[in-house]
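Below is one structure, written out as structure tokens; the observations come after it.
Residue numbers (the numbering used here): -6 to 434.
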């Protein structure tokens, strides 16, 4: 039996990697950009955050488009837009131009996670879903790891504008590969017939039908599990964006490191997070059968990962750079694992595959509502206190809240017949493809 579906893993890992290299290029270039344009820490916080302003607005609509038209076309349009916007950032002449380019980039990147949610349901057997989600999400940490080093070198060698142009070009290379290789399993001519039969045999009956009638957004949002996962994702993504946007600046300003060294220091916790999230995802798959996954048992692993991430509360208590690096690596590994497990939990708990794109979009929306705040709040905190200590304490407190949320709430089906916070809310009219409990992933 061949395992050619591994190329779907590779393709999606590369997508997440490029996605986050394009996000971190601004963080690595921030010192050079602030010198050129005279930007304050508060203005820099808003610039970091601007990527998310329309990103969060577009997540659910993009999820609906993915559910209607499929992941191939919608994701292709998204990466084309964000790659063009990234390249054009290198031509900006001031703060306003930078913000406009980052907003356009956010619109384009809003297709990525809803499309990944659909890919999981179309391609990935139930027994591999947490591993796939972990590998896909590991790209979000591998990107900053390699980007921290490579982009720091490129900024020093050729300037910050060249770094943005190079990142945009990389996105168009991936787009070409996506258009050539990606199809649903039924139409993928490069897939071995026996492997295709395996994938289709383990797939939910409705996973191949993007046009099936989905649950209403109101029904999804009334689900305790959906709201619990959105809150947990928010608490995790707050810390994720704190590190993604401000970590190079933290090393440069508070630890006195030059740009190249700060890039190398940033790579260490991100590479550690890649390893940790993959191991946790594999562990989660290995210990759960289909029935346990459908009842939300994966939430226990997610809660433990969030608790591990809360070690960031100890960072203000030490002046040791190696110890701070270790704490950041453990915190980032916990956050990375939780984000991946939450994606897998959505796949476990949704009652219908017709909801895959929009439910994943809601999950990422919940995360990025908090993510918008992290760069801005941190900018105000750093400008007011001259230190990152309070910023780390806020992040650690949110991780504790997120651990409680996922453990207590993410245990019921999402969508049709799910326990609701609004019991009087009527079910979505029209046919909804509901899986029997024993067949849910």
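Where is the CB? At the ideal position from N, CA and C, for every residue including glycine.
Judged by DSSP secondary structure, residue 233 falls within the alpha helix (DSSP H) whose first and last residues are 217 to 242.
Rounded to the nearest angstrom, the gap between the Cα atoms of residue 162 and residue 320 is 35 angstroms. Residue 355 sits away from residue 406, with the two beta carbons spaced by 7 angstroms or more. Nearest Cα to residue 62 within the set 83, 49 and 108: 108. Within the same chain, Cβ atoms closer than 7 angstroms to the Cβ of residue 362 are found at 49 and 227, the five residues on either side in sequence being excluded.
Excluding five sequence positions before and after residue 360, the CB atoms of its chain that fall closer than 6 angstroms to its own CB belong to 226, 227 and 230, given in chain order.
Nearest neighbour of residue 173 by Cα position, chosen from 69, 255 and 110, turns out to be 69.
In the displayed model, residue 32 falls within coil according to three-state DSSP, outside both helix and strand.
Between residue 303 and residue 224, the beta carbon gap of about 16 angstroms keeps them out of contact (Cβ cut-off 8 angstroms).
Exclusion of the five residues before and after residue 81 leaves 94 as the residues of its chain whose Cβ lies within less than 6 angstroms of its Cβ. Around the beta carbon of residue 86, fewer than 16 other beta carbons sit within 10 angstroms, so the residue counts as exposed.
The three-state secondary structure of residue 407, taken from DSSP, is strand.
A contact is defined here as three or more CB-CB pairs under 8 angstroms, and the segment 139 to 158 fails this definition with respect to the segment 270 to 285. DSSP places residue 343 within a strand segment (E or B) once states are collapsed to three.
If the five residues before and after residue 234 are omitted, its C-beta is found closer than 7 angstroms to the C-beta atoms of 364, 367 and 368, all from its own chain and listed in chain order. In the DSSP assignment, residue 398 falls within the unbroken alpha helix (DSSP H) covering 382 to 402. The C-beta of residue 271 has 16 or more other C-beta atoms within 10 Å across all chains shown, which makes the residue buried. CA-CA distance, residue 376 to residue 118, rounds to 49 angstroms. Residue 190 and residue 263 have their C-alpha atoms roughly 37 angstroms apart. In this structure residue 310 is exposed. Its beta-carbon is surrounded by fewer than 16 other beta-carbon atoms within 10 angstroms. Going by beta carbons, residue 257 and residue 139 fall outside the 7 angstroms limit.
Assignment of residue 185 by DSSP, reduced to helix, strand and coil, places it in the coil class. For residue 268, the enclosing alpha helix (DSSP H) stretches over residues 252 to 280.
Straight-line spacing of the CA atoms in residue -1 and residue 164 works out to 21 angstroms. For the options 280, 390, 345 and 285, the alpha carbon positioned closest to that of residue 324 is the one of 390.
Between residue 75 and residue 98 the beta-carbon gap is near 5 angstroms, inside 8 angstroms, which marks them as a contact.
Assigned with DSSP and collapsed to three states, residue 85 falls in coil, not helix or strand. Comparing alpha carbon positions, the residue from 36, 327 and 215 closest to residue 268 is 327. Here the alpha carbons of residue 29 and residue 177 stand approximately 47 angstroms from one another. Annotation for residue 192: 178 place their beta carbon closer than 6 angstroms to its own, counting only its chain and skipping 5 residues before and after. Nearest to residue 12 by alpha-carbon distance, out of 344, 55, 137 and 47, is 137. With distances taken between CA atoms, residue 169 lies nearest to 71 out of 71, 285, 24 and 18.
With distances taken between CA atoms, residue 301 lies nearest to 330 out of 281, 330 and 285.
Contact between residue 112 and residue 350 does not hold, since their C-beta atoms are separated by about 10 angstroms, which reaches or exceeds 8 angstroms. Here the alpha carbon of residue 285 sits roughly 19 angstroms from the alpha carbon of residue 127.
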